[in-house]
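S.K.: Chains as they are written, first to last, in this note's numbering: chain A, 1 to 111; chain B, 112 to 224.
We treat Cβ as the ideally placed atom computed from N, Cα and C, and that holds for glycine.
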Amino acid sequence: ILNVEQSPQSLHVQEGDSTNFTCSFPSSNFYALHWYRWETAKSPEALFVMTLNGDEKKKGRISATLNTKEGYSYLYIKGSQPEDSATYLCASRSGTYKYIFGTGTRLKVLA
Amino acid sequence: EAQVTQNPRYLITVTGKKLTVTCSQNMNHEYMSWYRQDPGLGLRQIYYSMNVEVTDKGDVPEGYKVSRKEKRNFPLILESPSPNQTSLYFCASSHGTENTEAFFGQGTRLTVV
Chain A
1 ILNVEQSPQS LHVQEGDSTN FTCSFPSSNF YALHWYRWET AKSPEALFVM
51 TLNGDEKKKG RISATLNTKE GYSYLYIKGS QPEDSATYLC ASRSGTYKYI
101 FGTGTRLKVL A
Chain B
112 EAQVTQNPRY LITVTGKKLT VTCSQNMNHE YMSWYRQDPG LGLRQIYYSM
162 NVEVTDKGDV PEGYKVSRKE KRNFPLILES PSPNQTSLYF CASSHGTENT
212 EAFFGQGTRL TVV
């Protein structure tokens, strides 16, 4: 993989459902993987920065895992709420100070 | 309050008229970066700076210049804007190590006619 790819592009879930999405990134020369939450008309806000294979991070109902050997990270949201509606971005840094972003997963939580 | 401030927030300009978008951070961050966001594409890095007087090209540097004369400021310069530079621009800053989060500015929506 040369680019950062996120799936799905978008999804709608009901309030209370748990959901997860995927970020695939180049595994060679990996340095760090960032997750951001981006609400419409606002700026991206950092959720997690992950560097070690097997890393798991948690913030409230949101958690993330990292597999650097195979080049993927999962973001999980437990018990989705309408305020979780946003675009979730991941960005990979590998080898240099450059960052490559995925196109994001747009989440809509229906009340 | 820790923040990254971009100005202006909105700008409509004409082709060829030089413009500068300013970015300032108050967190003493070493690393600063400019991105552009276009529909259907992820944030694409234009230029980044690891510290004062140290800058390098990102993935889409053509048509842009930057400078880093002071740690807090990282202006983006469009010497001769063209319509394909119409976009939403974000400035971001972080500490220089790879395991720290980035803080983004509010964004600048630029239209070149």
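Taking the continuous beta strand (DSSP E) assigned at V163 of chain B, which residues delimit it?
M.R.: Locating residue 163 of chain B in the second sequence gives position 52, where the first residue counts as 1. V163 of chain B -> no beta strand (DSSP E), and no H or E assigned at all.
S.K.: Compare the C-beta of K98 of chain A against all C-beta atoms of chain B and say whether one is closer than 7 Å.
M.R.: Locating residue 98 of chain A in the first sequence gives position 98, counting from the first residue. Chain B, which has a Cβ nearer than 7 Å to the Cβ of K98 of chain A, makes this yes.
S.K.: Rounding to the nearest angstrom, what Cα-Cα distance links D17 of chain A and A111 of chain A in this structure?
M.R.: In the first sequence, the residue the question calls residue 17 of chain A occupies position 17. In the first sequence, the residue the question calls residue 111 of chain A occupies position 111. In a straight line, the C-alpha of D17 of chain A is about 11 Å away from that of A111 of chain A.
S.K.: Taking S43 of chain A as the query, report the chain B residues whose CB atoms sit under 7 Å from its CB, ordered along the chain.
M.R.: Here the question's residue 43 of chain A lines up with position 43 in the first sequence. Here the neighbours are F201, F215, G216, Q217, G218.
S.K.: Cβ closer than 7 Å: which chain A residues qualify as neighbours of G169 of chain B?
M.R.: Your numbering for residue 169 of chain B matches position 58 in the second sequence. Ordered by position in chain A, the residues that pass the 7 Å Cβ test against G169 of chain B are K98.
S.K.: By the three-class DSSP mapping on this structure, what secondary structure does E45 of chain A have?
M.R.: By one-based count along the first sequence, residue 45 of chain A stands at place 45. Strand at E45 of chain A.
S.K.: Looking at S24 of chain A: is its Cβ nearer than 7 Å to the Cβ of G71 of chain A?
M.R.: Within the first sequence, the letter at position 24 stands for residue 24 of chain A. Within the first sequence, the letter at position 71 stands for residue 71 of chain A. Against a cut-off of 7 Å, the Cβ pair of G71 of chain A and S24 of chain A comes out as a contact.
S.K.: Listed in chain order, which residues of the segment 143-169 of chain B have Cβ atoms closer than 8 Å to some Cβ of chain A?
M.R.: S144, Y146, G151, L152, G153, L154, R155, Q156, Y159, M161, D167, G169
S.K.: Please classify I123 of chain B as buried or exposed, where buried requires at least 16 neighbouring CB atoms within 10 angstroms.
M.R.: Residue mapping note: residue 123 of chain B aligns to position 12 of the second sequence, counting from 1. By the 10 Å Cβ count, I123 of chain B comes out exposed.
S.K.: What does G104 of chain A reach in chain B if we use C-beta pairs closer than 8 Å?
M.R.: Here residue 104 of chain A refers to the residue found at position 104 of the first sequence. Correct list: G153.
S.K.: Touching or not, the segment 85-105 of chain A and the segment 32-41 of chain A, by the rule of three or more beta carbon pairs under 8 Å?
M.R.: yes
S.K.: How would you label M138 of chain B, buried or exposed, when you count the other beta carbons within 10 angstroms and need 16 or more for buried?
M.R.: Indexing the second sequence from 1 puts residue 138 of chain B at position 27. Exposed, because fewer than 16 other Cβ atoms sit within 10 Å of the Cβ of M138 of chain B.
S.K.: Let's see if you can read the secondary structure: which residues bound the beta strand (DSSP E) around Q9 of chain A?
M.R.: On the first sequence, position 9 is the one that residue 9 of chain A refers to. Taken as a continuous stretch (DSSP letters only), Q9 of chain A belongs to no beta strand (DSSP E), as it is neither H nor E.
S.K.: Indicate the three-state DSSP secondary structure (helix, strand or coil) for N195 of chain B in the structure shown.
M.R.: Stepping through the second sequence from its first residue, residue 195 of chain B is reached at position 84. Helix, per DSSP.
S.K.: Could you give the first and the last residue of the continuous beta strand (DSSP E) run that contains E141 of chain B?
M.R.: What you label residue 141 of chain B is simply residue 30 of the second sequence in a count that begins at 1. Neither: E141 of chain B is in no beta strand (DSSP E) and is coded neither H nor E.
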